[in-house]
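Asks:
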Amino acid sequence: MAKSIESSSRSGQEKSLLRKLAPLGLLTVSLLVSLGAYSEKQKAFIKERDEGCQFPGEHNCGGKLIIHQIKPPAYSKKEGLDPDYPENGLTICSNAQRLIYSDLQRIPRDGVGKVMKQRGIKLKQGIPYWNTSFDMPMSTQATIKTQQAKTDGREFPTVKRRKKSK
Ligand SMILES: [Zn+2]
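Quick note: the sequence shown, position 96, residue 96 per this note's numbering, numbers continuous.
Written out as structure tokens, the structure is:
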């Protein structure tokens with residue numbers, strides 16, 4: 001899979017892809033939302049570090065467990081930042097994630113493309129397209145959990161980066 005994300009051409013490509021995938025509905029949505037850049041080993045580290053949903057806000061805990069990236073990869077990359085550090089990831093349930101990405105609530109069957117387009121516009125303008133009010137408490141929780149893991153002698157796996165332009 002190509003990992004490069006061209007923010008300029010992305011929304012168009014994404015839209016046509018989503019149009020094809022639209023009949024799959026929520027499965028596709030959760031796939032897109034969790035389209036993180038963590039490696040499988042890094043995800044496993046965070047899952048083991050957290051042991052269940054760590055969402056700090058009030059919510060009806062349930063659903064699938066997700067390794068949530070607090071600052072989404074697409075947004076981080078736009079800012080020129082690496083999103084794949086342990087303090088940016090937190091294990092949360094899919095119910096909690098719906099509070100963060102409220103634009104995915106009550107989504108019509110053919111509306112995924114529209115939501116993604118809206119996100120693309122916000123991304124270009126550097127405006128967060130998720131509910132940021134949980135970012136700080138989630139980061140705090142992830143930092144505490146990461147420090148605990150470090151104390152226990154567990155290290156966040158590093159990934160070999162492909163070519164570095166320099
Ligand atoms: Zn939960």
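We put the CB at the ideal spot given by N, CA and C, even for glycine.
These numbers were taken from a predicted model, which means no experiment stands behind them.
1) Taking ILE67 as part of the alpha helix (DSSP H), name the residues at either end of that continuous run.
2) Is the distance from the Cβ of TYR85 to the Cβ of TRP130 below 8 Å?
3) Short check: CB of ASN95 to CB of GLN69, under 8 Å?
4) Quick one: grab the DSSP three-state call for LEU31.
5) Determine, using beta-carbon pairs with one atom in the segment 51-63 and one in the segment 73-82, whether at least three such pairs fall under 8 Å.
6) Whose C-beta lies closer than 8 Å to the C-beta of LYS71 among residues of the same chain, with five residues either side of it excluded?
7) On the DSSP bridge assignment, give the partners of ILE92 in chain order.
8) Given a cut-off of 8 Å, decide if THR91 and ILE121 are closer than it, judged by their beta-carbon atoms.
9) Beta carbon of ALA142: closer than 7 Å to some heavy atom of ligand 1?
10) Can you give me the C-alpha to C-alpha distance between PHE45 and SER139, rounded to a whole angstrom?
11) Classify ARG42 as buried or exposed, calling it buried when 16 or more other Cβ atoms lie within 10 Å of its own Cβ.
12) If you follow the alpha helix (DSSP H) that ARG154 is in, where does it begin and where does it stop?
13) Between the alpha carbons of ALA2 and SER76, how many angstroms are there, rounded?
14) Note down the Cα distance separating TYR38 from LEU99, rounded to an integer number of angstroms.
15) Comparing the CB of ILE92 with every heavy atom of ligand 1, is any distance shorter than 7 Å?
16) In whole angstroms, what is the alpha-carbon distance linking ARG154 and GLY111?
Replies: Per the coordinate set shown:
1) The sequence position of residue 67 within the sequence shown is 67, counting from 1. No alpha helix (DSSP H) holds ILE67; the beta strand (DSSP E) holding it covers 65-69.
2) The residue given as residue 85 occupies position 85 in the sequence shown. The residue given as residue 130 occupies position 130 in the sequence shown. No, Cβ-Cβ distance for TYR85 and TRP130 is not below 8 Å.
3) Indexing the sequence shown from 1 puts residue 95 at position 95. Indexing the sequence shown from 1 puts residue 69 at position 69. In this structure, GLN69 does not lie closer than 8 Å to ASN95 by Cβ.
4) Indexing the sequence shown from 1 puts residue 31 at position 31. Any reading at LEU31 needs caution, since the residue's pLDDT is 46, under 50, leaving its predicted position unreliable; the model's value is listed next. In the three-state reduction of the DSSP assignment, LEU31 falls in the helix class, which pools H, G and I.
5) Cβ pair count under 8 Å is below three, so no.
6) If you number the sequence shown from 1, residue 71 lands on position 71. Within its own chain, the residues whose Cβ lies closer than 8 Å to the Cβ of LYS71, once the five positions on either side in sequence are excluded, are LEU81, PRO83, ASN88 and ASP135, listed in chain order.
7) Indexing the sequence shown from 1 puts residue 92 at position 92. In the DSSP assignment, ILE92 forms a beta bridge with ILE66.
8) Stepping through the sequence shown from its first residue, residue 121 is reached at position 121. Stepping through the sequence shown from its first residue, residue 91 is reached at position 91. Between ILE121 and THR91, the gap from beta carbon to beta carbon reaches 8 Å or more.
9) As a working mapping, residue 142 is identified with position 142 in the sequence shown. Result no, Cβ not under 7 Å from ligand 1.
10) As a first step, residue 45 must be located in the sequence shown, where it is residue number 45. As a first step, residue 139 must be located in the sequence shown, where it is residue number 139. PHE45 and SER139: Cα-Cα distance of roughly 16 Å.
11) As a working note, residue 42 is residue 42 in the sequence shown. Going by the sequence as given, residue 42 is Gln instead of Arg. Its Cβ being crowded by 16 or more others within 10 Å, GLN42 is buried.
12) On the sequence shown, residue 154 is found 154 positions in, with the first residue counted as 1. For ARG154, no alpha helix (DSSP H) run applies, since DSSP gives it neither H nor E.
13) Residue mapping note: residue 2 aligns to position 2 of the sequence shown, counting from 1. Residue mapping note: residue 76 aligns to position 76 of the sequence shown, counting from 1. Model confidence at ALA2 stands at a pLDDT of 42, short of 50, so the residue's coordinates are unreliable; what they give is reported in the following sentence. Spanning the two alpha carbons is a distance of roughly 18 Å.
14) The sequence position of residue 38 within the sequence shown is 38, counting from 1. The sequence position of residue 99 within the sequence shown is 99, counting from 1. Approximately 22 Å, taken between the alpha carbons.
15) As a first step, residue 92 is located in the sequence shown; it is residue number 92 there, counting from the start. Correct: ILE92 has its Cβ closer than 7 Å to ligand 1.
16) As a first step, residue 154 must be located in the sequence shown, where it is residue number 154. As a first step, residue 111 must be located in the sequence shown, where it is residue number 111. Rounded to the nearest angstrom, the gap between the Cα atoms of ARG154 and GLY111 is 42 Å.
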